[in-house]
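*Asks:* Quick one: structure below, then a few questions.
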């Protein structure tokens, strides 16, 4: 685009009071071959998606991720009632916030939870169900027998149940529970913000300004994990842990009691307190682990696999 066109674009953006319109103007400037800004809507030609004026502004921030979901994972999108219906790899879900696209990108483009265990059947324990996207991905894997998923925040849990219900065959594999896991039974009142539901938790972002607190229930992981093991004898277990800081309390239990022998692999996000104590607990229990940091140094991933006894 010529400098004169850029100046014209800047002038147009300053004439409108609508933040939606301002952002749409600049998004069209950034992706001129993929976006058409119309009088009453914006069309994402690459996505075959049209959004009415003023709706779903979150999409602008995450457009590059949607673009990659389309090109890498062949995702399909449809706008309806200020939500975007998504179908990807045979999985259907509803995206209500930009954060949902961030999670979809992690799962289907970055493949952060892609795993393989040499077994005909595997159990997945999903600690941090969120809106159900990872659990649906796990359930779609042919070697996964069932998914036990835990989410303590009720508004988030209800959206997860809705997404799971859109996939009747996969839903048969998923058992969702509206409570979280911890080293002991407890109830907490925590700040909650639905638009940032993936960041709420004991060490999540501070949403106190919104004056919205939600009471959650946490249960001792020991009896629950032991029952899952007893109900599925000789079945190997993969654990996904993304619970915004509760992983440190959960690992206090594992530090004392160890991991059941059936737990063979773990994929976990750590927060703020760092990965060192978590990795040390894994190492003491016979796991090999590697871990990552982000630029903020306050979050990262841990991947661990149990070493075979010689």
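Residue numbers (my numbering): 1165 to 1474. Ideal Cβ positions, reconstructed from N, Cα and C, are used throughout, including at glycine. Note that the structure is predicted; figures quoted are calculated from it, not measured.
(1) Enumerate, from N- to C-terminal direction, the unbroken alpha helix (DSSP H) stretches of 4 or more residues contained entirely within the segment 1208 to 1292.
(2) Taking the C-alpha atoms as reference points, what is the distance between residue 1356 and residue 1366?
(3) Quick check on the DSSP output: what are the complete beta strand (DSSP E) runs of length 3 or more inside the segment 1323 to 1394, in order along the chain?
(4) In chain order, what residues of the same chain lie with their CB nearer than 6 Å to the CB of residue 1430, ignoring the 5 residues before and after it?
(5) Quick one: what's got a C-beta closer than 6 Å to residue 1247's C-beta in the same chain, skipping five residues either side?
(6) Can residue 1450 and residue 1457 be called in contact, C-beta distance under 8 Å?
(7) Within the chosen definition, does the segment 1407 to 1423 reach the segment 1321 to 1339 through at least 3 CB pairs nearer than 8 Å?
(8) According to the neighbour-count rule (16 or more other Cβ atoms, all chains shown, within 10 Å of its Cβ), is residue 1307 buried or exposed?
(9) Within 10 angstroms of its Cβ, does residue 1459 collect 16 or more other Cβ (buried), or is it exposed?
(10) What's the call for residue 1331, buried or exposed, on a 16-neighbour Cβ count within 10 Å?
(11) For the putative contact between residue 1317 and residue 1271, defined by C-beta atoms under 8 Å, what is the C-beta separation to the nearest angstrom?
(12) When you compare only the Cα positions, how much space is there between residue 1196 and residue 1251?
(13) Report yes if the C-beta distance between residue 1397 and residue 1358 is below 8 Å; otherwise report no.
(14) Among the candidates 1274, 1277, 1380, 1304, whose CA atom is the shortest distance from the CA of residue 1352?
(15) Return the first residue and the last residue of the alpha helix (DSSP H) that residue 1433 is part of.
(16) Can residue 1265 and residue 1229 be called in contact, C-beta distance under 8 Å?
(17) I need the DSSP call for residue 1194, collapsed to helix, strand or coil.
(18) Just to confirm, are residue 1405 and residue 1291 a CB contact at a threshold of 8 Å?
(19) If we count the other Cβ atoms within 10 Å of its Cβ and call it buried at 16 or more, is residue 1203 buried or exposed?
(20) Report the rounded CA-to-CA distance for residue 1236 versus residue 1274, giving the unit in angstroms.
(21) Would residue 1253 and residue 1218 be called neighbours here (beta carbons separated by less than 8 Å)?
(22) So, are the CB atoms of residue 1338 and residue 1295 less than 8 Å apart?
(23) Taking residue 1417 as part of the beta strand (DSSP E), name the residues at either end of that continuous run.
(24) Rounded to whole angstroms, what's the CA-CA distance from residue 1322 to residue 1444? Just pull it up for me.
(25) Would the beta-carbon of residue 1385 fall within 8 Å of that of residue 1345?
(26) Using C-beta distances below 7 Å, list every residue in its chain close to residue 1407, excluding the 5 sequence neighbours before and after it, in chain order.
(27) If you draw a straight line from the alpha carbon of residue 1187 to that of residue 1198, how long is it in whole angstroms?
*Replies:* The relevant details are as follows:
(1) 1222 to 1225, 1227 to 1237, 1262 to 1272
(2) 11 Å
(3) 1338 to 1341, 1344 to 1346, 1350 to 1355, 1377 to 1384
(4) 1403, 1468
(5) 1258, 1260
(6) no
(7) no
(8) exposed
(9) exposed
(10) buried
(11) With a Cβ gap of about 20 Å, residue 1317 and residue 1271 do not count as contacting.
(12) 26 Å
(13) no
(14) 1380
(15) Where residue 1433 is concerned, there is no enclosing alpha helix (DSSP H), although the beta strand (DSSP E) it sits in stretches over 1427 to 1435.
(16) yes
(17) helix
(18) yes
(19) exposed
(20) 10 Å
(21) no
(22) no
(23) Here residue 1417 belongs to no beta strand (DSSP E); instead the alpha helix (DSSP H) covers 1411 to 1421.
(24) 36 Å
(25) yes
(26) 1291, 1292, 1344, 1365
(27) 15 Å
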